[in-house]
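In our numbering, the protein residues as written are 3 to 86. For reference, the structure discussed in these notes is given below.
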Amino acid sequence: MQIPPLYPQDSTVLQRKSVELERAFLTEMLRHAGISAPEGAFGAGIGGEQFASFLREAQAGAIVDGGGIGLAERLFESLVERAR
């Protein structure tokens, strides 16, 4: 049985999803590491935590945009291998 090739549009989707997953992973890692807004920057309570989560997402995005930690590449390679 011959396995069909991966179409370019499929490859693009897999790559985009891999990057999104790395960004989500890093956001959670920053949250668990206690990385958030400096004390008092956004205030206390639920509102402060919500804005701190936006900051963590932006920080994770900056890490990924700067080259990331290599997770997206590994995920992409694994997804391509499974798709073949």
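Here a beta-carbon is modelled for each residue, glycine too, at the ideal position from N, C-alpha and C.
**OP:** Can you grab the Cα-Cα spacing for the pair E51 / R33, in whole Å?
**Re:** Here the alpha carbons of R33 and E51 stand approximately 11 Å from one another.
Original post:
To which residues of the same chain is E22 closer than 7 Å at the C-beta, ignoring the five residues directly before and after it?
Top reply: Close CB contacts of E22 within its chain, under the 7 Å cut and outside five residues either way in sequence, are absent.
Original post:
Grouping DSSP H, G and I as helix and E and B as strand, with all else coil, what is A35?
Top reply: Three-state DSSP puts A35 in coil, outside helix and strand.
Subject >> Local Cβ density within 10 Å of F78, reported as buried at 16 or more and exposed below that >> reply: By the neighbour-count rule (16 or more Cβ atoms within 10 Å), F78 is buried.
**OP:** Mind reading off the beta-carbon distance from G70 to E24? Whole number of angstroms is fine, and I expect it under 8 Å.
**Re:** Indeed, because the Cβ distance is near 5 Å, the residues count as touching under 8 Å.
**OP:** Given a cut-off of 8 Å, decide if V66 and A16 are closer than it, judged by their beta-carbon atoms.
**Re:** Reading off the sequence, residue 16 comes out as Leu, not Ala. Contact: no.
**OP:** Tell whether a beta-carbon distance below 8 Å holds between S20 and A74.
**Re:** Their beta carbons are under 8 Å apart, which means S20 touches A74 by this criterion.
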